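All remarks here apply to the structure that follows.
2 protein chains.
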Amino acid sequence: MNKSTNHQMDEAIKLILQYNNIFIASHINPDGDNIGSMLAISLALRKINKNVSVLKSDVLPEDFMFLPGSHDIQEYKEELGPIDIFIVVDCSDEDRLGNNKALLSNAKKVINIDHHISNTMFGDLNIVDPKSAATGELIYKLIKKMGISLDIDIGSNLYTAISTDTGKFSYESVTSRTHRIIAELIDIGVDFNTINLNLYENMSIEKTKLFIQSLSTLKFYEGNSIVTLKITKEMLKHAGAKMEDAEGIISFIRKIESVEVACVLKEIEMNNIKISLRSKRDVDVALIAQSFDGGGHIRAAGCSINSNIEEAEKEIVGKIREVVR
Amino acid sequence: MNKSTNHQMDEAIKLILQYNNIFIASHINPDGDNIGSMLAISLALRKINKNVSVLKSDVLPEDFMFLPGSHDIQEYKEELGPIDIFIVVDCSDEDRLGNNKALLSNAKKVINIDHHISNTMFGDLNIVDPKSAATGELIYKLIKKMGISLDIDIGSNLYTAISTDTGKFSYESVTSRTHRIIAELIDIGVDFNTINLNLYENMSIEKTKLFIQSLSTLKFYEGNSIVTLKITKEMLKHAGAKMEDAEGIISFIRKIESVEVACVLKEIEMNNIKISLRSKRDVDVALIAQSFDGGGHIRAAGCSINSNIEEAEKEIVGKIREVVR
């Protein structure tokens with residue numbers, strides 16, 4: 031974290047100490063870093079008697095409901111009182127707040143805490159550090175700097191935030207600091223074994239069925255360097271699964287040794303195909319996604335194509351081929 | 031590591047400093063902890079000019095041949111000279127050394143370094159610590175205690191040893207020490223991103239095919255709390271795969287949320303079925319394996335049944351049912 035980010039954090043602490051009614055929200059399509067970060071900071075601020083409301087921007091995946099504090103996440107309503115401070119975590123831009131975007135203008139002050147390089151700095155204060163492997167690392171630092179003692183509940187949320195956003199401490203973004211934070215969380219007694227069972231050993235039968243069915247659509251191109259997989263509405267129906275159950279399949283097919291680009295096509299509607307792209311070493315998939323008005327990072331990006339799933343596959347593979355060749 | 035293990039380590043260091051010809055070996059069916067530990071200590075001892083030979087006890091999986099020093103692993107031959115010290119790593123008993131077991135009696139001194147609770151203490155010195163998450167952690171400690179500086183090659187082997195034996199730092203056995211060691215390895219410059227690509231994003235097409243095929247044999251029992259999966263010789267032939275490619279499938283099926291016991295049956299020969307068992311929270315699978323003359327740990331065990339694969343499945347499921355009910 032550089033000097034100016036450090037300064038922003040100091041200013042944020044002053045604001046937090048000054049005001050009482052604090053609201054916390056994060057992005058739609060919630061993930062572990064988003065939920066863990068919101069809950070960790072909310073539990074910490076309650077320890078210094080702040081009046082904290084954690085807002086729901088989207089449906090919460092069942093998988094994270096084991097987290098301490100998760101049942102306090104609620105829809106915004108006026109009775110919650112005035113918004114002194116609105117803390118937005120893990121959210122690269124205002125639109126990703128969903129309906130809660132509208133609350134930004136009601137807040138006296140907005141504190142934006144994030145690790146995405148694409149963050150638009152929409153806050154009055156912006157604690158944005160792309161060198162943090164997870165927003166959870168920034169929340170850890172904020173809590174420590176405020177002198178609030180970590181406890182098992184806060185620690186369990188931080189562990190979840192960091193583990194899920196780093197592929198179990200394996201992504202490029204991990205630093206030695208990441209491991210030292212985790213060491214400290216283990217020392218205070220965080221039950222990471224139970225957390226890991228909840229996070230990673232909890233695949234529903236429906237998700238398993240969808241996984242097995244979808245693997246039958248695996249197709250290879252360009253000497254097995256490109257792989258595609260399709261998930262249709264018919265498959266979801268057959269497996270009793272939801273589209274969110276497709277999560278994780280792309281990481282699995284990217285593991286195939288010859289694969290440089292993995293592509294999953296999801297049939298949202300007949301002529302609305304959502305495409306996820308992952309690369310391993312060389313290809314910038316954000317560039318590919320951009321040519322279909324999508325976006326993302328070098329190794330993970332996405333876009334949509336408005337045609338049927340077979341046609342969409344042809345189009346996207348055509349584009350990937352140009353780059354892989 | 032308790033006082034007596036610490037003392038054994040001090041004695042081992044004295045021996046290592048006194049002698050010159052050092053041989054290192056580990057168990058058959060090599061894994062990441064075994065190979066990483068052997069290579070890390072071998073590279074460290076070469077830095078203090080010891081004459082080190084790393085012995086092959088079994089075929090080395092291709093997946094680990096990216097490790098620094100891996101190409102120096104060799105079969106024992108007499109020309110390698112007298113065995114002053116024989117360091118055996120990650121090996122719970124002498125039989126697991128395969129053919130290299132015979133060399134134990136040729137050695138002036140045997141140093142046994144391991145973290146398995148079942149270790150038979152077969153060495154002249156026994157550095158055995160079941161509280162270490164990986165043998166790699168003990169090797170790290172030994173190298174530090176000898177005052178040999180870590181470098182990227184040694185560190186890459188230690189990272190591999192520890193990561194592979196802890197399911198990416200997620201198993202119960204992990205401690206804060208584990209994460210602090212990894213933090214230090216990252217600080218000295220270990221390229222964990224490339225290591226992770228090599229270890230976990232390197233699934234052969236044959237293995238992928240075997241994985242997909244075997245999933246079609248998934249069967250559930252007792253309200254989905256028991257799951258079985260079968261791998262036949264026919265499947266291997268069809269996928270162009272080897273039985274070792276079945277590695278990892280059991281971890282995958284254990285993830286299914288309702289599952290308490292996962293069981294994989296491998297058809298080694300027509301009437302020789304090797305069985306692997308994993309449990310999640312409550313069941314002691316070592317007890318189940320023992321009733322078929324097998325063994326292992328509470329959460330991971332194995333045995334063999336001499337009948338055809340369908341019959342073996344009935345037998346093992348019958349036994350698991352008694353425990354799960």
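Order-wise, the sequence lines are chains A and B.
In the working numbering, each residue's number is its place in the first sequence (first place is 1) plus 30.
In the working numbering, each residue's number is its place in the second sequence (first place is 1) plus 30.
Beta carbons are placed, not taken as given, at the ideal position from N, Cα and C, and that holds for glycine.
Owing to the predicted nature of the structure, the values given are computational and were not obtained by experimental measurement.
Chain-ordered listing is empty here: chain A has no CB closer than 9 Å to the CB of A132 of chain B, the nearest sitting near 37 Å. The DSSP assignment places 62-77 as complete runs of the alpha helix (DSSP H) inside the region 34-83 of chain A, in order along the chain (cut-off: 4 residues). A residue is called buried when at least 16 other Cβ atoms come within 10 angstroms of its Cβ; N226 of chain B meets this threshold and is buried.
Distance between M31 of chain B and H101 of chain B, taken at the CA atoms: about 32 Å.
Considering only beta carbons, the part of the region 230-249 of chain B lying closer than 7 Å to chain A consists of Y230, E231, N232, M233, S234, I235, T238, I242 and L245, in chain order.
Taking 8 Å as the cut-off, the Cβ atoms of S334 of chain A and N302 of chain A count as close. Three or more beta-carbon pairs separated by less than 8 Å are not found between the region 330-350 of chain A and the region 163-174 of chain A, which leaves the two stretches without contact.
Secondary structure within the region 310-353 of chain A: the beta strand (DSSP E) runs of 3 or more consecutive residues, fully enclosed, are 330-335 (chain order). For T205 of chain B, the residues of chain A that pass the 7 Å Cβ criterion are I216, in the order they occur in the chain. Annotation: Cβ neighbours of K285 of chain B in chain A (cutoff 9 Å, chain order): Y230, E231, N232, M233 and T238. Here H37 of chain A is exposed. Its C-beta has fewer than 16 other C-beta atoms within 10 Å. When the beta-carbon positions are compared, R311 of chain B and E341 of chain B stay at least 8 Å from each other. Less than 8 Å separates the beta-carbon of I78 of chain B from that of I178 of chain B. One finds K198 and F199 in chain A with Cβ atoms closer than 7 Å to the Cβ of F199 of chain B, taken in chain order. In this structure, A:M265 is the residue among A:I286, A:S321, A:G326 and A:M265 with its C-alpha nearest to the C-alpha of I298 of chain A. Under the DSSP assignment, D195 of chain B falls in the alpha helix (DSSP H) whose first and last residues are I182 to D195. With contacts defined by Cβ atoms closer than 8 Å, P98 of chain A and L133 of chain A do not form a contacting pair. Taking all protein chains in view, the Cβ of N64 of chain A is crowded by 16 or more other Cβ atoms within 10 Å, so the residue is classified as buried.
Not a single C-beta of chain A is nearer than 8 Å to the C-beta of K174 of chain B. Proximity of the region 210-221 of chain B to the region 242-255 of chain B falls short of the contact definition, fewer than three beta-carbon pairs being nearer than 8 Å. Cβ neighbours of I305 of chain B within its own chain (closer than 8 Å, five residues either side excluded): C293, V294, L295, K296, A319, F322, G324, G332, C333, S334, I335, A342 and I346. For a Cβ distance threshold of 8 Å, nothing in chain A lies close to A163 of chain B: the least Cβ distance comes to about 11 Å. Judged by their CB atoms, I113 of chain B and K131 of chain B are not nearer to each other than the 8 Å cut-off.
Contact fails between the region 103-113 of chain B and the region 182-202 of chain B, because fewer than three Cβ pairs, one in each stretch, are under 8 Å apart. Listed along chain A, no residue sits closer than 9 Å to S306 of chain B by beta-carbon distance, the nearest being about 16 Å off. Residue range K249 to Y251 is occupied by the beta strand (DSSP E) that includes Y251 of chain A, with no alpha helix (DSSP H) assigned at that position. Counting only Cβ-Cβ distances below 7 Å, I212 of chain A has contacts in chain B at H209, in chain order. Shortest Cα-Cα distance from I280 of chain B to any of B:H57, B:M95, B:G128 and B:S309 involves B:S309. Linking V353 of chain B to I286 of chain B through their CA atoms gives a straight-line distance of about 19 Å.
Taken in chain order, the complete alpha helix (DSSP H) segments of 4 residues or longer contained in the region 146-184 of chain B are 165-175. Looking only at A:D217, A:S203, A:M151 and A:N149, the smallest Cα-Cα distance to I182 of chain A is reached by A:D217. Scanning the region 216-246 of chain B for uninterrupted alpha helix (DSSP H) segments of 4 residues or longer gives 222-230 and 235-245, listed from N- to C-terminal end.
Taking a 10 Å sphere around the C-beta of S135 of chain A, we find fewer than 16 other C-beta atoms and assign the residue as exposed.
DSSP places L259 of chain A in the uninterrupted beta strand (DSSP E) bounded by I256 to I261. Check the Cα spacing between P160 of chain A and each of A:R126, A:D120 and A:V257: the tightest is with A:D120. For H268 of chain B, the CB contacts under 8 Å within the same chain, skipping 5 residues up- and downstream, are K239 and Q243 in chain order.
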